[in-house]
Each structure stands twice: as structure tokens, then as C-alpha cells.
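Asks: Handing you this structure, nothing more for now.
In UniProt numbering, the protein residues as written are 1 to 397.
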């Protein structure tokens, strides 16, 4: 049971909570200079918890916390056989355990409160969130193109990829409800941002979300507009196509993004096999385990620190550290997505909560397999929330 502090029709309150969950962590990390994204996320979620003033834990939440706690403790004990006794006394590991359990609880509270909201409230707040993110994206693109910022930061976000992972779920939500001309406008704005900031994560994510939402039929119209925009961008700003080509080339690459991704794949495989499926242990990637050839190349280029501790995508870190358990989770999550995708019909009428849960679910595929970092972040919170939201929806059937 939870205490509901969001009134069913209080759009502004829900919008504030969405911004607190999805924008505040990057703002605290990048603009306020906290220096640790996991800690920034925890601070933002703690503020959310205080605002909602939630007290009690639901049965589903207790079961989820117990399951996560059991897996974490089992993994920490098993890591003793891989790394030795020192890991049993690592303070960072136990702080991360407590933080992750709190995030499960916060996600349950967030999902339970969403179940009280009316469809119109969820729609209005989510659309406003999308408009805010579009504004951030366009301002960020102008600043990057104009040479005002040199590090490709996007207002509140440290990099375009960080923006992309937050933009995608709300792009998906807006796209589901869009019809006719509105759909084309959403395409133009979203793809123009991806092209202007030169971000492959955002570009791939947008295409994936369109396919997952089964909106392929309107693609010919959107492609025509995007092609015009693409040509215009080329002539106006002498567009650098080498950005995308370098990231799509995996042969003898010295591109940092490609090498980091290859290193994540390689270390996930090597750590899984070398530990006989046990994994290197919770929060041990980069500290223990096999380095791999791609990581050695990064070190030779003076970039050995890049994504050393998270593997550049969540599945890499999860499989490296949890071994067989991490692999099983990735498979089960993928099967859950496939099941949801097969049953999803873009022409069918769904509750706004159902649509938001599906958008959260499909958007997590990108940080899980393409570009993401660690466990304590808005993307994992988004995935946990979607699981609890689906659970709440199943109870209403």
C-alpha cells in the first residue's frame, strides 16, 4: 500500500516528478558538478521520495527487494571464489547494494502513484515533458552547430547520448498518440536533432522506437522530409559524414566509441568464460577480471579510462559481474520485450499508463545493449518502473 500524493488530475505535479526522475540526475551531475552520476541519481530519487512522502511497501515491492537482495548477496559471496576475500569488505559494494535496493523501492512507489493518475494527466504531463526535451535538444543543437560549446554538451546533459536515453521514451509516447501532420512534425524535430548533434545512439534509438511502435507505414512521408533536411544540413553546415561512418566501421578501428563498445563486448565474454559463469562480482568491472585486447588498444591511445568500469552498455557490465545470472536476465528481458512487442497494436486503444510502461520498456533496450552505464541511473529506474507498472496493470484485468 502507498500514500498517494499526486492528485489524479494534477498534471504539473506529475510533470515535476518526471523532470525530477529523468532530467535532475544529469543536471546535478553535470551542471552542479557532483561528479558521480549514480550518486546524482540517488539524490534526485531521494527528493522524489520526500516529495511523495511514501511510507509503506507493497507486497510486490517486498518480493522484488528480497529477490534483488538475494541475488546481490549470492553474487558477492561467489565473487570471493573469483577475486579473494578482499571483495567481501569493499565498502563501495555494500553502499551500491543499499542504493540499488532503495531504487527498487522508489520505482515501486513511482509506479504505484502513476496507477492513481487519470489518462489525461499522464498524457498531458508526458507530452509536456517531450516538448521540454525537444526544446533542450534544439537549443543544444544550435549551441553545438554554432560552436558555442566545444564538448557537445546539451544544456543539462553532459553529452548527446545522455540526452538520447532520456529523450527516447517520451518520443515514443508522443509518437504513439500522434496522427497525421503531428507525426511528421515529431519526426522532423527528432531526427533533425539527431543529425545536428551527430549522435548515432539517438539516431538508432529513434529508428528502433518507430519499429517497436509499429509506425512503419508512415515512414515514407517522414523519410522524404528527413532527406530534405539532411541535404539542407549538408550544404549549410558542411556536414561531417565521417562521424557516422567511423562508428559503423568495426574493422581495425581507432575510434574511441567503437573501441569502447568492442571492449564491453569482449570483456563480457571473457569475464563470463574465465569465471565459469560466476562473474567477477558486483561493482568489480574494471577492478577485477580480464582486460581484453580492445581495452589494451584504448590504453595505448591514452583513453584506458573510458567506460572502464561500466563497459559502455549495461548488459556488458551485468554479464561481466553477474555471469550466468546477468545473461539470463538479459535473455528474459529481451523475451519480455518481444512478447510485449508482438501483443502491442498501434491502432488499439490502451490506457496511458500501459503506453507509458511499454515506452519505458522498449527504450531500455538501447542502454541495455547499445549505450548505457552502470545500475544506478534513470534508465534502470525506468525499467524497474515499467515492470511494476505492468504488474499493476495485470491486477486490473
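Beta carbons: idealized from backbone N, C-alpha and C, even for Gly. None of the values given here were measured: they were computed from a predicted structure.
#1: Are at least three pairs of beta-carbons, each pair with one atom in the segment 298-315 and one in the segment 361-369, less than 8 Å apart?
#2: Roughly how far, in whole angstroms, is the beta-carbon of residue 374 from the beta-carbon of residue 322, given that I think they are within contact range, below 8 Å?
#3: Which residue or residues does DSSP assign as beta-bridge partners of residue 157?
#4: Thinking residue 190 and residue 165 are a contact (beta carbons under 8 Å), I'd like their distance in whole angstroms, please.
#5: Take every Cβ of the segment 146-155, pair it with every Cβ of the segment 37-47, and state whether three or more of those distances are shorter than 8 Å.
#6: Does DSSP classify residue 112 as helix, strand or coil?
#7: Under the three-state reduction of DSSP, which class applies to residue 288: helix, strand or coil?
#8: State buried or exposed for residue 302, treating a residue as buried only when at least 16 other CB atoms are found within 10 Å of its CB.
#9: To which residues of the same chain is residue 295 closer than 6 Å at the C-beta, ignoring the five residues directly before and after it?
#10: Below 8 Å on the Cβ atoms is my guess for residue 128 versus residue 15; work out the distance and round it to an integer in Å.
#11: Have a look at residue 31 and residue 159 and give me their C-alpha separation to the nearest angstrom.
#12: With respect to the alpha helix (DSSP H) encompassing residue 354, which residues constitute its N-terminal and C-terminal limits?
#13: How far does the alpha helix (DSSP H) with residue 326 in it extend, from its first residue to its last?
#14: If you draw a straight line from the C-alpha of residue 142 to the C-alpha of residue 378, how long is it?
#15: Can you give me the C-alpha to C-alpha distance between residue 255 and residue 171, rounded to a whole angstrom?
#16: On the three-state DSSP scale, how would you describe residue 313?
#17: Taking just the CA atoms, how far does residue 257 sit from residue 93?
#18: By the three-class DSSP mapping on this structure, what secondary structure does residue 383 have?
#19: Determine the closest residue to residue 362 out of 99, 269, 167 and 182, with distance taken between C-alpha atoms.
#20: Using a Cβ distance threshold of 8 Å, determine whether the segment 340-349 contacts the segment 282-295, with at least three qualifying pairs required.
#21: Could you tell me the distance, in whole angstroms, from the CA atom of residue 330 to the CA atom of residue 134?
#22: Going by the CB atoms, is the gap between residue 306 and residue 355 shorter than 7 Å?
#23: Count the other C-beta atoms from every protein chain shown that fall within 10 angstroms of the C-beta of residue 26, then say buried if there are 16 or more, exposed otherwise.
#24: Going straight from the alpha carbon of residue 317 to that of residue 288, what length do you get?
#25: Going by DSSP in three states, residue 244 sits in which element: helix, strand or coil?
#26: Determine, for residue 188, whether the minimum Cβ-Cβ distance to residues of chain C falls below 7 Å.
#27: If the criterion is Cβ atoms closer than 7 Å, does the pair residue 64 and residue 104 meet it?
#28: Can you tell me whether residue 32 is helix, strand or coil according to DSSP?
#29: I need the straight-line Cα distance from residue 130 to residue 275, nearest angstrom please.
#30: At what residues does the alpha helix (DSSP H) containing residue 295 begin and finish?
#31: Closest to residue 154 by CA distance: which of 169, 121, 199 and 117 is it?
#32: Under a three-way DSSP split, which group does residue 281 fall into?
#33: Measuring CB to CB, does residue 72 end up less than 7 Å from residue 97?
#34: Report the rounded CA-to-CA distance for residue 67 versus residue 100, giving the unit in angstroms.
#35: Count the other CB atoms within 10 Å of the CB of residue 385; is the residue buried (16 or more) or exposed (fewer)?
Replies: Let me lay it out:
#1: yes
#2: Residue 374 to residue 322, Cβ: 13 Å. No contact.
#3: 154
#4: Contact flag wrong, Cβ pair sits at about 14 Å.
#5: no
#6: helix
#7: strand
#8: exposed
#9: 263
#10: 5 Å
#11: 12 Å
#12: 352-363
#13: 324-343
#14: 26 Å
#15: 29 Å
#16: coil
#17: 28 Å
#18: helix
#19: 167
#20: no
#21: 31 Å
#22: no
#23: buried
#24: 12 Å
#25: Residue placement at residue 244 is poorly supported in this model, since its pLDDT is 48, which falls under 50; the coordinates are not used for a value here.
#26: The structure shown contains no chain C; it holds only a single protein chain.
#27: yes
#28: coil
#29: 43 Å
#30: 293-300
#31: 199
#32: coil
#33: yes
#34: 12 Å
#35: buried
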